[in-house]
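J.: Sharing a structure with you now.
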Amino acid sequence: MNEVKENMAYKPQYGPGTSKVAENRRKQMNPNQKLEKMRDVTDEDIVLILGHRAPGAAYPTAHPPLAEQQEPDCPIRKIVTPTEGAKAGDRVRYIQFADSMFFAPSQPYQRTYTECYRFRGIDPGTLSGRQIVECRERDLEKYSKELVETELLDPARTGIRGATVHGHSLRLAENGMMFDMLQRSVLGEDGIVRYVKNQIGEPLDRAVAIGKPLDEKWLKAHTTIFHSLGSTAYRDDAEYIEYVQRIHTLRTKYGFLPKEA
Amino acid sequence: MAKIERTQKLFLKSLKEKFQGQDVQSETTEFYKFNGYHQSPRKEEFVKASRAVEMDRGISMYDPVRCHLGGIPLGQRQLMTYEVSGTGVFVEGDDLHFVNNAAMQQMWDDIRRTVIVNMDLAHQTLQKRLGKEVTPETINEYLHVLNHAMPGAAVVQEHMVETHPGLVEDCYVKVFTGDQELADDLEPQFVLDVEKLFPAKQAEALSAAVGKSLWQAIHIPTAVSRTCDGGTTSRWSAMQIGMSFIGAYRMCAGEAAVADLSYAAKHAGVIQMASHLPARRARGPNEPGGIGFGLFSDIIQANRKYPNDPAKASLEVVGAGTMLFDQIWLGSYMSGGVGFTQYATAAYTDNILDEFTYYGMDYIKDKYKVDWKNPSADDKVKPTYDTVNDIATEVALNGMEQYEQYPTMMEDHFGGSQRAGVLAAACGLSSSIATGNSNAGLNAWYLCMLLHKDGWSRLGFFGYDLQDQCGSANSLSIRGDEGAIGEVRGPNYPNYAMNVGHQGEYAAIVGGAHYGRGDAWCFDPRVKICFADPALKFDFAEPRREFAKGAIREFMPAGERSLIIPAR
Numbered sequence: 001m002n003e004v005k006e007n008m009a010y011k012p013q014y015g016p017g018t019s020k021v022a023e024n025r026r027k028q029m030n031p032n033q034k035l036e037k038m039r040d041v042t043d044e045d046i047v048l049i050l051g052h053r054a055p056g057a058a059y060p061t062a063h064p065p066l067a068e069q070q071e072p073d074c075p076i077r078k079i080v081t082p083t084e085g086a087k088a089g090d091r092v093r094y095i096q097f098a099d100s101m102f103f104a105p106s107q108p109y110q111r112t113y114t115e116c117y118r119f120r121g122i123d124p125g126t127l128s129g130r131q132i133v134e135c136r137e138r139d140l141e142k143y144s145k146e147l148v149e150t151e152l153l154d155p156a157r158t159g160i161r162g163a164t165v166h167g168h169s170l171r172l173a174e175n176g177m178m179f180d181m182l183q184r185s186v187l188g189e190d191g192i193v194r195y196v197k198n199q200i201g202e203p204l205d206r207a208v209a210i211g212k213p214l215d216e217k218w219l220k221a222h223t224t225i226f227h228s229l230g231s232t233a234y235r236d237d238a239e240y241i242e243y244v245q246r247i248h249t250l251r252t253k254y255g256f257l258p259k260e261a
Numbered sequence: 001m002a003k004i005e006r007t008q009k010l011f012l013k014s015l016k017e018k019f020q021g022q023d024v025q026s027e028t029t030e031f032y033k034f035n036g037y038h039q040s041p042r043k044e045e046f047v048k049a050s051r052a053v054e055m056d057r058g059i060s061m062y063d064p065v066r067c068h069l070g071g072i073p074l075g076q077r078q079l080m081t082y083e084v085s086g087t088g089v090f091v092e093g094d095d096l097h098f099v100n101n102a103a104m105q106q107m108w109d110d111i112r113r114t115v116i117v118n119m120d121l122a123h124q125t126l127q128k129r130l131g132k133e134v135t136p137e138t139i140n141e142y143l144h145v146l147n148h149a150m151p152g153a154a155v156v157q158e159h160m161v162e163t164h165p166g167l168v169e170d171c172y173v174k175v176f177t178g179d180q181e182l183a184d185d186l187e188p189q190f191v192l193d194v195e196k197l198f199p200a201k202q203a204e205a206l207s208a209a210v211g212k213s214l215w216q217a218i219h220i221p222t223a224v225s226r227t228c229d230g231g232t233t234s235r236w237s238a239m240q241i242g243m244s245f246i247g248a249y250r251m252c253a254g255e256a257a258v259a260d261l262s263y264a265a266k267h268a269g270v271i272q273m274a275s276h277l278p279a280r281r282a283r284g285p286n287e288p289g290g291i292g293f294g295l296f297s298d299i300i301q302a303n304r305k306y307p308n309d310p311a312k313a314s315l316e317v318v319g320a321g322t323m324l325f326d327q328i329w330l331g332s333y334m335s336g337g338v339g340f341t342q343y344a345t346a347a348y349t350d351n352i353l354d355e356f357t358y359y360g361m362d363y364i365k366d367k368y369k370v371d372w373k374n375p376s377a378d379d380k381v382k383p384t385y386d387t388v389n390d391i392a393t394e395v396a397l398n399g400m401e402q403y404e405q406y407p408t409m410m411e412d413h414f415g416g417s418q419r420a421g422v423l424a425a426a427c428g429l430s431s432s433i434a435t436g437n438s439n440a441g442l443n444a445w446y447l448c449m450l451l452h453k454d455g456w457s458r459l460g461f462f463g464y465d466l467q468d469q470c471g472s473a474n475s476l477s478i479r480g481d482e483g484a485i486g487e488v489r490g491p492n493y494p495n496y497a498m499n500v501g502h503q504g505e506y507a508a509i510v511g512g513a514h515y516g517r518g519d520a521w522c523f524d525p526r527v528k529i530c531f532a533d534p535a536l537k538f539d540f541a542e543p544r545r546e547f548a549k550g551a552i553r554e555f556m557p558a559g560e561r562s563l564i565i566p567a568r
């Protein structure tokens, strides 16, 4: 995992804003802030949800371990330390999330920024209804554990979905669960959410429990999405609005006449 | 920026119809109980039709139970109907795919099969080179001959094959001029009378712009442009023009002067509806990717019919533009996908963009005293960074808050690209109508995108976001290698060429700048006059209403083949 070095000339700000939403966003992004652990999910269960390999199976490889193959004389390779997955020659695989706009703890760009600050060797992709992060398989399993076990996930409003992600903007079901056409996860009578299919929708041999949904009060207090009814209205964070306007104006001016006035 | 009060919610009726018996402001609902696709009468019809096809051809076809997600048919949530904005007509989503909608097909057919050809060059050749007399009488005779020849009939030759008039009934030629005296001397059946078709102020401006020139508005048969392509239109037209001149003016078919007529009809005097595209796009003229946004806003005629409502006029361009550029151009020509319809329809269904845009109208009237219902260049707001930022920010925030307060509306626009396009269009239209400056409108679009992305931490899809995150920098950049003002930009502008959910809205933003000023046209007065023709199959003053008619199967298109196929 990453952490910000003390001797950096530049101190990251992790985004503007004076609101609670802005503060929550900065907290998720800042690798020096420990994410709150909300649940325990075993390594084997993570592998089951991901669906890329059978638990206990060897990692399939895309190339020989770096130590065994002839590496070119490359200055970049000397600077960048390979991740464990890269060293071993693992395949690149993925985990993909769908985050409900009804106060899921993280949201697509927020996830991407957070992952970029906290993880190494990743390739995130950001859309409106889903956010994917790809990396070497054993690195992915390590990162996934953090993404699933911590405050970045709510079992009811965060979906782990490889395809057919439809649901992020739909009303919630009456039991509080986000819509999932494949119903990969179900809320049991005991109040615990269990994955009965892996992220691509293949049925699991056994259900994987990921805990109870977080309560509404907690979700709204920790939300990273502006909302005029449920959290902070976007217009009420004047610093945030002014920041976006400033970025836009500077980009416009630079495109029009790319030199300082 | 400061929120203003607006109690009218244009989308409420749609939401209540779509989600009948439900609280449209509730954050919860029920799923998985709708019996899959069976809830949709149209999809039931598809299944029935498919069974008949399968019995006939012996090859399997539409089978949502077996083939969708390995046995889970769509319809696990409520499949919604849609109100075509501004029409009050509710339709099935499927009926807004252009394959299922004859009006949509005809709109594009009517553009692709149109060219405008100058007559002055030919008349000069006839008069100065050949010493022939050209009078209103000879022009009338020529137009009779041309309306015989243009659909595909012989003029000069013996033993010719000809086309069946019943198959090419949509093909004809009219003329227009700014010279009212000449127009009055021509047979009314052949004349697009600017004074009768346009409001007085617009007619005066259009006539002055066209002057004494005489132009032919030519529509070749739909069946021809469909079988061939847009590049055929000027060729087919020029061939019949040449033959008609030979026939009407008793010329020698082989004399050298014919080459002058041909050159004028094929090149020198031709206004194509779209420029040809570079080799990597591989399309000739009169194909959608080459239609400039200003020209497209002239094709759409809502500002002629509704001169005192620039918002409505612009929204009609949005509807027509998203259909053509998203559903047909990017969706099928460029991508081959079927789902592009869903992006495009968000901008012209359920009155959501309409509501956001009229909020913008209220705002520019309240804060900047723009009397938008009386379009004029006199009360436009100076397009400064401050004013564009202010208008775009307020309209964007209002729209986002509406989505937040009406979860059913969020569910209606279930994709981020849908919401992004609609919000940014409202911002762009509000700014362009307020300032009368299309590039100010485009600039407002991009601020909205950035605000949206940061507010909800999401926008559209990968490429969609790319286009919008670099858009601020090119909205006022006019460089030889990549730019022009909005009127001259088009779907093939480098930063616009890739992504659904933009091009129709950009066209409307360009149009809005001119509609807000009360201009008679945006880019080319000849195109504005040409598409004012009430004889066209598609009514370009009411594209959304025409789409609705197509959806409920009340639109009668051209290009029928029933005359030459076995009766069913």
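Note that the protein sequences, when read in sequence, are chains A and B.
The letter at position 103 of the first sequence is residue 103 when you use UniProt numbering, and the numbering goes up by one with no holes.
The letter at position 118 of the second sequence is residue 118 when you use UniProt numbering, and the numbering goes up by one with no holes.
Backbone N, C-alpha and C fix where the C-beta goes; we use that ideal spot for every residue, glycine too.
In chain order, what are the residue ranges of uninterrupted alpha helix (DSSP H) at least 4 long that sit wholly in the stretch 491-546 of chain B?
T.: 503-517, 525-530
J.: Can you look up residue 7/B in the DSSP assignment and give me helix, strand or coil?
T.: coil
J.: Is residue 278/B buried or exposed, if buried means 16 or more other CB atoms sit within 10 Å of its CB?
T.: exposed
J.: Between residue 451/B and the rest of its own chain, which residues show a CB-CB distance below 6 Å, the 5 nearest in sequence each way excluded?
T.: Correct list, in chain order: 396.
J.: Would you say residue 223/A faces chain B, with C-beta separation under 7 Å as the test?
T.: no
J.: Answer with yes or no whether the minimum CB distance from residue 458/B to chain A is below 7 Å.
T.: Yes, residue 458/B counts as interfacial toward chain A.
J.: Could you please give the first and the last residue of the uninterrupted alpha helix (DSSP H) stretch that includes residue 445/B?
T.: 438-456
J.: Can you give me the C-alpha to C-alpha distance between residue 322/B and residue 95/B, rounded to a whole angstrom?
T.: 15 Å
J.: Just by C-beta distance, which residues in the stretch 397-417 of chain B are closer than 8 Å to chain E?
T.: This model lacks chain E altogether; the protein chains it does include are A and B.
J.: Whole angstroms are fine: how far does the CA of residue 158/A sit from the CA of residue 30/A?
T.: C-alpha separation (whole angstroms): 21 Å.
J.: So for residue 83/B, helix, strand or coil by DSSP?
T.: strand
J.: Please state if the CB of residue 350/B and the CB of residue 14/B are separated by a distance shorter than 7 Å.
T.: Cβ distance < 7 Å, so residue 14/B and residue 350/B count as in contact.
J.: Going by DSSP, which residues form a beta bridge with residue 93/A?
T.: 135/A
J.: Does the Cβ of residue 377/B have 16 or more other Cβ atoms within 10 Å, making it buried, or fewer, making it exposed?
T.: exposed
J.: Return the first residue and the last residue of the alpha helix (DSSP H) that residue 423/B is part of.
T.: 416-435
J.: Please state whether the Cβ-Cβ distance between residue 217/B and residue 174/B is less than 7 Å.
T.: yes
J.: Taking 7 Å as the cut-off, decide whether the C-beta atoms of residue 500/B and residue 330/B are in contact.
T.: With contacts defined as CB atoms closer than 7 Å, residue 500/B and residue 330/B qualify as a contacting pair.
J.: Which same chain residues end up closer than 7 Å to residue 148/A when comparing Cβ atoms and leaving out the 5 residues on each side of it in sequence?
T.: 41, 46, 210
J.: Is residue 132/A near residue 456/B, with beta carbons less than 7 Å apart?
T.: No, the pair does not count as a contact, with Cβ atoms beyond the cut-off.
J.: Measure the alpha-carbon distance for residue 232/B versus residue 536/B and round it to whole angstroms.
T.: 19 Å
J.: Going by DSSP, what residue range makes up the beta strand (DSSP E) through residue 206/A?
T.: Element bounds for residue 206/A: 203-211.
J.: Under the three-state reduction of DSSP, which class applies to residue 295/B: helix, strand or coil?
T.: helix
J.: How should residue 184/B be labelled, buried or exposed, when 16 other C-beta atoms within 10 angstroms of its C-beta is the threshold for buried?
T.: exposed
J.: So the alpha helix (DSSP H) residue 120/B belongs to, where does it begin and stop?
T.: From DSSP, the alpha helix (DSSP H) with residue 120/B extends over 120-124.
J.: Between residue 97/A and chain B, is any beta-carbon pair separated by less than 7 Å?
T.: No, no contact with chain B.
J.: Measure the CB-CB distance between residue 223/B and residue 146/B and report whether it falls below 7 Å.
T.: no
J.: Flag this pair as touching only if the stretch 75-90 of chain A and the stretch 98-106 of chain A have three or more C-beta atom pairs under 8 Å; answer yes or no.
T.: In short, these stretches do not touch, since the Cβ pair count stays below three.
J.: Go through its chain and collect everything with a Cβ distance to residue 269/B's Cβ below 7 Å, but skip five positions before and after it.
T.: Annotation for residue 269/B: 117, 118, 121 place their beta carbon closer than 7 Å to its own, counting only its chain and skipping 5 residues before and after.
J.: Using the three-state DSSP reduction, which class does residue 399/B fall into: helix, strand or coil?
T.: helix
J.: By DSSP, does residue 92/B sit in helix, in strand, or in coil?
T.: strand
J.: Just verifying my parser: in three-state terms, what is the DSSP assignment at residue 19/A?
T.: coil
J.: The alpha helix (DSSP H) with residue 251/A in it runs from where to where?
T.: 238-256
J.: Taking 7 Å as the threshold (beta carbon to beta carbon), is residue 451/B in contact with chain A?
T.: yes
J.: Less than 7 Å separating the beta-carbons of residue 136/A and residue 73/A?
T.: no
J.: Does residue 60/B pass the burial test, meaning 16 or more other C-beta atoms within 10 Å, or should it be called exposed?
T.: exposed
J.: Under a Cβ-count criterion, where at least 16 other Cβ atoms within 10 Å of its own Cβ denotes burial, should residue 205/A be classed as buried or exposed?
T.: exposed
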